[in-house]
Amino acid sequence: MRRHLSLFTTATRYDLIEHARNRFAMLLIVFFIPTWVGLVYLTIPDRVTPFQLAATGQGLAPAGNELTQITGALNAVTLVTGFMMFAATFTGGRFDRRLAMAGYPRTHLVLAKAASLVLASALLAAYATAVMCAAWAPRQPYQLAAALFCAALTYGAMGVVVGSLLCREVEGMFALVMTSVIDVALQNPMVSAGADNPLTRLLPTYGSVQAATAAGFSATAVPAYLALQLLWFAVTVLLGLLAFHHRTRNALPRPARSATAEPSEAAHPEAPGTPAVGQDLSPGSP
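Under the working numbering, the sequence shown is numbered contiguously, ending at residue 300.
So this is what it looks like as structure tokens:
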């Protein structure tokens, strides 16, 4: 038990150090999240935006800047978490493979990545929620933080998948940015006239958007939509496990098989003194 705990602790410490060394990600956390969320609140008009929330069935009429700030926070949190996990997976892939080939249990490596993802997602969700609460008062701040947390988990696991499969950093960043922007923007009634389209239910952050919107402007709890977001997280985790297993597989060539057996005459040579075929075995034979 102590050995497993030591292996897990060592791998987790390495992952956290890798995240801390990503200075660009740290700058995004400190400056991008409050700047983006604050600009959305200050620049988007505060006119009332009536719509019906699918999660509660209620007709809501929130201020446009407050509604857009929720989707902006979701966009910021998912982007930062996805980038952090993508960068750690992309740059540390070779090291993870060497560790796995040297005998380090891949289970502990995966659990360490999961622990760092949970910690990063919790901190980002709490930070973004605090920034929004400084501007206005959501009805359910804890559910809002939970929705941000679940969305961050999903995109963090997605970052692991992208970092394990793509070969260039630019491709991974473009994939994560475009996925997050399209995903969240299509669900904002201020931006998309089809926000209530049934197809939006297939988007990765649908559960979090519904839960966060209900948390901001309603007193109704919607745990089912948080569970839906966790289901998305479970799917991306499964894909991440498969991608990580593929990334850390043993790439060394397998040893060649033994040479094909020689013909029976060569494989079973006649023992010394064994008479040849047709030789006279009589005592008087030469």
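Glycine included, C-beta positions come from ideal geometry on N, C-alpha and C.
- Taking C-alpha positions only, residue 213 is separated from residue 170 by approximately 23 Å.
- In this structure, the CA atom of residue 78 is about 25 Å from the CA atom of residue 43.
- Per the coordinates, the alpha-carbon of residue 84 lies some 18 Å from the alpha-carbon of residue 191.
- The Cβ-Cβ distance between residue 106 and residue 32 falls below 7 Å.
- In terms of CA proximity to residue 175, 189 leads the group 189, 76 and 164.
- Approximately 14 Å separates the beta-carbon atoms of residue 75 and residue 59; this is outside 8 Å, ruling out the contact.
- Residue 202 and residue 132 have their C-alpha atoms some 26 Å from each other.
- In the pairwise beta carbon analysis, the region 128-148 is classified as not touching the region 209-225: fewer than three pairs are separated by under 8 Å.
- From the listed residues 243, 223 and 98, the smallest Cα separation to residue 34 is found for 98.
- Under the rule that a run must span 4 or more residues, the alpha helix (DSSP H) segments found entirely inside the region 44-110 read 47-57.
- Taking the C-beta atoms as reference points, residue 161 is found nearer than 7 Å to residue 222.
- Residue burial annotation: residue 183 is exposed, with fewer than 16 other C-beta atoms found within 10 angstroms of its C-beta.
- The straight-line gap separating the alpha-carbon atoms of residue 180 and residue 56 is approximately 38 Å.
- When the beta-carbon positions are compared, residue 127 and residue 29 come within less than 7 Å of each other.
- For a cut-off of 8 Å, the C-beta gap from residue 235 to residue 67 is around 13 Å, too long to register as a contact.
- Nearest to residue 27 by C-alpha distance, out of 111, 81, 163 and 123, is 123.
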